[in-house]
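**Student:** Below is one structure. I have some questions about it.
Number of protein chains: 2
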Amino acid sequence: MTSMNISRRELGRITAAAVFSQLSPSARPQGRTIGYGIVGLGRISMQHFMPGLKASKYSRVTALVSGHRDKAEKMAAEYNVPAKSIYSYDNYDAIAENKEIDAVYIALPNNMHAEYSIRAAKAGKHVLCEKPMATTVADSQAMVDACRKANKKLMIAYRCQYEPTNLRAVQLIRDGKLGKVEAIESANGFNIRPGEWRLNGKMGGGGPLMDVGIYSLNACRYLTGEEPAELNGYSSVIDHDGRFNEVEENLSWTMKFPSGVVASCNTTYGANMPGFYRVHGSKGMLHVEPAFGYEGQHLTARIQGEPLIDEPNPNRDPSQFPPEADHLAECIFENKEPKTNGEEGLKDMKLMMALYRSCGRMG
Amino acid sequence: MTSMNISRRELGRITAAAVFSQLSPSARPQGRTIGYGIVGLGRISMQHFMPGLKASKYSRVTALVSGHRDKAEKMAAEYNVPAKSIYSYDNYDAIAENKEIDAVYIALPNNMHAEYSIRAAKAGKHVLCEKPMATTVADSQAMVDACRKANKKLMIAYRCQYEPTNLRAVQLIRDGKLGKVEAIESANGFNIRPGEWRLNGKMGGGGPLMDVGIYSLNACRYLTGEEPAELNGYSSVIDHDGRFNEVEENLSWTMKFPSGVVASCNTTYGANMPGFYRVHGSKGMLHVEPAFGYEGQHLTARIQGEPLIDEPNPNRDPSQFPPEADHLAECIFENKEPKTNGEEGLKDMKLMMALYRSCGRMG
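Chains A and B, in that order, are what the protein sequence lines are. The numbering of the first sequence is our numbering, which starts it at 149 and goes up by one. The numbering of the second sequence is our numbering, which starts it at 149 and goes up by one.
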């Protein structure tokens, strides 16, 4: 966790790509890059991850996997991907023969993450998989096992754990600036349009908790550096307009960590709910909002005896994606475990399933 | 609940004392005022409530009850209270013979609220009692019963339910501006100094939940207009520095209302935790912060298709106290039930006890 241990002054200088630059020079093969096969050409791939790779140091797009050949050809032209490196879901396993592909980026509906990650590992490719890593604990465990067996890296795309403002918040806490952490509030949600695959219970595996509430859950864990000892939630459906026949609309939950830190969180698909967190410590508090979006992170902190900290992050979308992609590249080059590896994703998955058990999925 | 039904334009014109002015003129005896006996000369009495009465329309200080004669004489001089109207706790029941006292304002440690409210009712006086109304459900019920039996009003000093910014938030919701309410976040807490009576389990009856978390609990109820159907909390003590031997330090809880609205709340005595709430609806959200303090309330609301609402409340402490005191005066004049009567306080008390049962008081 190199990026977690850098000093405050150093952190101020971080730019998107700089996380990677802390690699020891010897471990960084001159000019070598990691070729990513992009699996699933949806919004996050085409509008965020792939444009991000253009600004990365060690990552590039070398293949595309899509059910839409036209769309794939258009993207291939933009990213100089040869026609032979465009795959469909039918010939996906043929990526094994393509030496230009070191890793895959899985950006499919949640219920397809496990299958395509496992097939990638079997094809000898490292895996960067979007969150939530899967829709069940069993699938998540199978992903971990398959990548371990194939001796391939499995990284879950917890973007915020590579994002400077979130790292700064963690660092303030680790440096003891807030004193003892006592309590956290966090929320994240949005008003979903009808017809999105996320509203399909099988494809999403759950509702806003799996999709966006996971940011609050993950944040409470990386902010405290602890695993919740107890948790409980309530879910509900209020808008009976056809959107929430298969997944919850709202979910509110509390957690208690072993140190005694308590956290209260909200998520929704039924309302605009800006992503934020507030951490209250014995010596001060910090507030990050927006906390989880693709850009605009803004940290403020009120610390006893210190001037107000007010740090908007000027980086713009897609600046958060290069450090994420390059982190996996670093781990491949150095044969290190990704900071947000499969086990990290598995922890959230188990917690989310425990939350659903506590409240019933649909409330 | 007159004040809840006024229009937006009217609300804009509200000043501290104006809540009362909606009384029908016929019911308002010309020049008549309500004489308050102030029971307990602590911070809230001396620095907030009594100065507030100077700006009230229908309320004035006519007696003082204190264990500190010196302090009482000083305050008596300031408020033109004659020496015969200064009482100690020993001769408290003699207030019965004092016709200048219509009502008492109870601002004692929580565990004394019930006794002094009940004795006041028996002495033929109406009661305005600070929150939390007592430290047990049984005591709270006894207060309700005693006041009913004596045919005296019992009002709990839920200041925020008479405060213009909080009323404005309620009105926006009732007017449907936010669409369907889906979820609420709220918090309220502070870093308590050692030695305060609030840290005494018997006197406080509980920790931050009873003292300041009650604002969030009460707000969730008046914002939704509903009673929680389910709730659950986690409490903890982190700072083993002698302050939290008898009451919890932190408490985090969630609630689910019959409509499906979910709420997540935090309270603490171990950290600066600004009092706020956020209400997320299908058509917009509102945020009030500060929400619960003596001044500085600030409402912002983002509503679909409408310009940003950004309304800082210019009223300064002690402007929130005259409407509270005058509301009881109105109820006495018109023989109406106070908006925040004993039953309102009893509801919070039952909910807080349920929360303590769910988490154990000390976590």
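Beta carbons are placed, not taken as given, at the ideal position from N, Cα and C, and that holds for glycine.
Report yes or no: is there a C-beta of chain B within less than 9 Å of the C-beta of A335 (chain A)?
**Tutor:** Counting from 1 along the first sequence, the entry for residue 335 (chain A) is found at position 187. Answer yes: the Cβ-Cβ gap between A335 (chain A) and chain B drops below 9 Å somewhere.
**Student:** CB A411 (chain B) to CB E333 (chain B), shorter than 9 Å?
**Tutor:** In the second sequence, the residue the question calls residue 411 (chain B) occupies position 263. In the second sequence, the residue the question calls residue 333 (chain B) occupies position 185. Yes.
**Student:** Whole angstroms are fine: how far does the CA of C368 (chain B) sit from the CA of P466 (chain A)?
**Tutor:** As a working note, residue 466 (chain A) is residue 318 in the first sequence. As a working note, residue 368 (chain B) is residue 220 in the second sequence. Each residue's Cα considered, the two are about 38 Å apart.
**Student:** Given a threshold of 16 other Cβ atoms within 10 Å of its Cβ, counted over all protein chains shown, does H428 (chain B) qualify as buried or as exposed?
**Tutor:** Numbered from 1 along the second sequence, position 280 holds the residue referred to as residue 428 (chain B). Answer is buried; the Cβ neighbour count reaches 16.
**Student:** Identify each residue in the stretch 444 to 456 of chain A for which the Cβ-Cβ distance to at least one residue of chain B is less than 8 Å, and report them in chain order.
**Tutor:** Cβ contacts with chain B: R450.
**Student:** At the level of alpha carbons, what is the spacing between K273 (chain A) and V285 (chain A)?
**Tutor:** Residue mapping note: residue 273 (chain A) aligns to position 125 of the first sequence, counting from 1. Residue mapping note: residue 285 (chain A) aligns to position 137 of the first sequence, counting from 1. Cα-Cα distance, rounded: 22 Å.
**Student:** For R509 (chain B), list the residues DSSP reports as bridge partners.
**Tutor:** In the second sequence, the residue the question calls residue 509 (chain B) occupies position 361. In the DSSP output, where bridge partners are listed per residue, R509 (chain B) has none listed.
**Student:** Pull up the DSSP beta-bridge partners for L402 (chain B), would you.
**Tutor:** Start at 1 with the first residue of the second sequence, and residue 402 (chain B) comes out as number 254. This sequence places Thr at residue 402 (chain B); Leu is not what is there. In DSSP, T402 (chain B) forms a bridge with B:N380 and B:S412.
**Student:** Could you please tell me which residues of the stretch 366 to 380 of chain A, in chain order, have their CB closer than 8 Å to any CB of chain B?
**Tutor:** Of all residues in the stretch 366 to 380 of chain A, E378 and N380 have a Cβ within less than 8 Å of some Cβ in chain B.
**Student:** Label S174 (chain A) either buried or exposed according to how many other C-beta atoms from any shown protein chain fall within 10 Å of its C-beta, with 16 as the threshold for buried.
**Tutor:** Within the first sequence, numbered from 1, the residue matching residue 174 (chain A) stands at position 26. Low confidence applies to S174 (chain A): its pLDDT is 46, below 50, so where it sits in the model is not reliable enough to give any reading.
**Student:** Can you check which of these residues, B:S400, B:N393, B:G337 and B:A317, is closest to T372 (chain B) by C-alpha distance?
**Tutor:** Here the question's residue 372 (chain B) lines up with position 224 in the second sequence. For T372 (chain B), the nearest C-alpha among the options comes from B:A317.
**Student:** Apart from the five residues just before and just after Y184 (chain A), which ones in its own chain have a Cβ nearer than 8 Å to its Cβ?
**Tutor:** Here residue 184 (chain A) refers to the residue found at position 36 when the first sequence is read from its first residue. L201, S207, R208, V209, T210, A211, I249, D250, A251, V252, Y253, L276 and A473, listed in sequence order.
**Student:** Using a Cβ-Cβ distance cut-off of 9 Å, determine whether H428 (chain B) contacts chain A.
**Tutor:** Along the second sequence, read from residue 1 onward, the residue named residue 428 (chain B) stands at position 280. Output row for H428 (chain B): interface = yes.
**Student:** Where does D293 (chain B) sit, in a helix, a strand or coil, going by DSSP?
**Tutor:** For the purposes of this step, residue 293 (chain B) is identified with residue 145 of the second sequence, where counting begins at 1. D293 (chain B) falls in the helix class under three-state DSSP.
**Student:** Going by Cα to Cα distance, which pick from A:E437, A:R267 and A:L499 is closest to T402 (chain A)?
**Tutor:** As a position in the first sequence, residue 402 (chain A) is number 254, starting the count at 1. Out of A:E437, A:R267 and A:L499, A:L499 has the C-alpha closest to the C-alpha of T402 (chain A).
**Student:** Residues in the same chain with beta-carbon distance under 7 Å from L501 (chain A), minus the five sequence neighbours each way, listed in chain order, please.
**Tutor:** Indexing the first sequence from 1 puts residue 501 (chain A) at position 353. It should be pointed out that residue 501 (chain A) corresponds to Met in this sequence rather than to Leu. Result list for M501 (chain A): V285, in chain order.
**Student:** Quick check on D218 (chain A): does DSSP put it in helix, strand or coil?
**Tutor:** Counting from one through the first sequence, the residue named residue 218 (chain A) turns up at place 70. The answer is helix: DSSP assigns D218 (chain A) an H, G or I state.
**Student:** The beta strand (DSSP E) with I304 (chain B) in it runs from where to where?
**Tutor:** Numbered from 1 along the second sequence, position 156 holds the residue referred to as residue 304 (chain B). Residues L302 to I304.
**Student:** Answer yes if the stretch 448 to 459 of chain B comes into contact with the stretch 438 to 453 of chain A, meaning at least three C-beta pairs across the two stretches below 8 Å, and no otherwise.
**Tutor:** Contact between the stretch 438 to 453 of chain A and the stretch 448 to 459 of chain B is absent, because fewer than three Cβ pairs lie under 8 Å.
**Student:** With 16 as the cutoff for other CB atoms within 10 Å, does R527 (chain B) come out buried or exposed?
**Tutor:** Because residue 527 (chain B) is not part of the residues shown, which for chain B are 149 to 511, the question remains open.
**Student:** Can you check whether the C-beta of E397 (chain B) is within less than 9 Å of a C-beta belonging to chain A?
**Tutor:** Looking up residue 397 (chain B) in the second sequence gives position 249. Yes, contact with chain A.
**Student:** Starting from the C-beta of S172 (chain B), find all residues in its chain whose C-beta is less than 7 Å away, skip the five residues before and the five after it, and write them out in chain order.
**Tutor:** By 1-based counting over the second sequence, the position of residue 172 (chain B) is 24. Summary for S172 (chain B): the model assigns pLDDT 46, below 50, so the residue's position carries little reliability; its value from the coordinates is reported in the next sentence. Around S172 (chain B): no qualifying Cβ.
**Student:** Per DSSP, which one or two residues make a beta bridge with C277 (chain B)?
**Tutor:** By one-based count along the second sequence, residue 277 (chain B) stands at place 129. Answer by DSSP bridge pairing, in chain order: B:I254 and B:I304.
**Student:** Would you kindly report the start and end of the unbroken alpha helix (DSSP H) that includes P469 (chain A)?
**Tutor:** Position 321 of the first sequence, counted from the start, is the residue given in the question as residue 469 (chain A). It should be noted that the sequence gives Phe, not Pro, for residue 469 (chain A). Here the alpha helix (DSSP H) through F469 (chain A) covers F469 to E482.
**Student:** Going along chain A in order, which residues have a C-beta closer than 9 Å to the C-beta of G512 (chain B)?
**Tutor:** Any property of residue 512 (chain B) remains undetermined from this structure, which presents chain B solely from 149 to 511.
**Student:** Roughly how many angstroms separate the alpha carbons of G179 (chain A) and Y370 (chain A), rounded to a whole number?
**Tutor:** Position 31 of the first sequence holds residue 179 (chain A). Position 222 of the first sequence holds residue 370 (chain A). For G179 (chain A) and Y370 (chain A), the distance between alpha carbons rounds to 33 Å.
**Student:** Helix, strand or coil for A244 (chain A) per DSSP?
**Tutor:** Taking the first residue of the first sequence as 1, we reach residue 244 (chain A) at position 96. In this structure, A244 (chain A) counts as helix in the three-state DSSP scheme.
**Student:** Please check if any C-beta of chain B sits within less than 9 Å of the C-beta of K328 (chain A).
**Tutor:** Residue 328 (chain A) sits at position 180 when you count from the first residue of the first sequence. Judged by the 9 Å Cβ criterion, K328 (chain A) is in contact with chain B.
**Student:** Could you spell out where the beta strand (DSSP E) holding V209 (chain B) opens and where it closes?
**Tutor:** Locating residue 209 (chain B) in the second sequence gives position 61, where the first residue counts as 1. It spans S207 to V213 - the beta strand (DSSP E) in which V209 (chain B) sits, taken as one unbroken run.
**Student:** Could you tell me which residues DSSP puts in a beta bridge with I182 (chain B)?
**Tutor:** For the purposes of this step, residue 182 (chain B) is taken as residue 34 along the second sequence, with counting starting at 1. DSSP output for I182 (chain B) lists B:S207 as bridge partner(s).
**Student:** How long is the line joining the alpha carbons of R346 (chain B) and Y382 (chain B), rounded to whole angstroms?
**Tutor:** Here residue 346 (chain B) corresponds to residue number 198 of the second sequence, with the count starting at 1. Here residue 382 (chain B) corresponds to residue number 234 of the second sequence, with the count starting at 1. Going by the C-alpha atoms only, they are around 20 Å apart.
**Student:** Where does A439 (chain A) fall in DSSP's three states?
**Tutor:** Position 291 of the first sequence holds residue 439 (chain A). Coil at A439 (chain A), not helix or strand.
**Student:** Does the beta carbon of M403 (chain B) sit closer than 9 Å to a beta carbon anywhere in chain A?
**Tutor:** Counted from its first residue, the second sequence places residue 403 (chain B) at position 255. So yes, M403 (chain B) belongs to the interface.
**Student:** Within 10 angstroms of its Cβ, does K232 (chain A) collect 16 or more other Cβ (buried), or is it exposed?
**Tutor:** Translated into positions along the first sequence, residue 232 (chain A) becomes position 84. Its Cβ having fewer than 16 others within 10 Å, K232 (chain A) is exposed.
**Student:** What is the DSSP secondary structure of V229 (chain A), reduced to helix, strand or coil?
**Tutor:** Looking up residue 229 (chain A) in the first sequence gives position 81. Coil, per DSSP.
**Student:** If you reduce the DSSP assignment to three classes, tell me which class H388 (chain A) lands in.
**Tutor:** For the purposes of this step, residue 388 (chain A) is taken as residue 240 along the first sequence, with counting starting at 1. Looking at H388 (chain A) - three-state DSSP - the assignment turns out to be coil, as it is neither helix nor strand.
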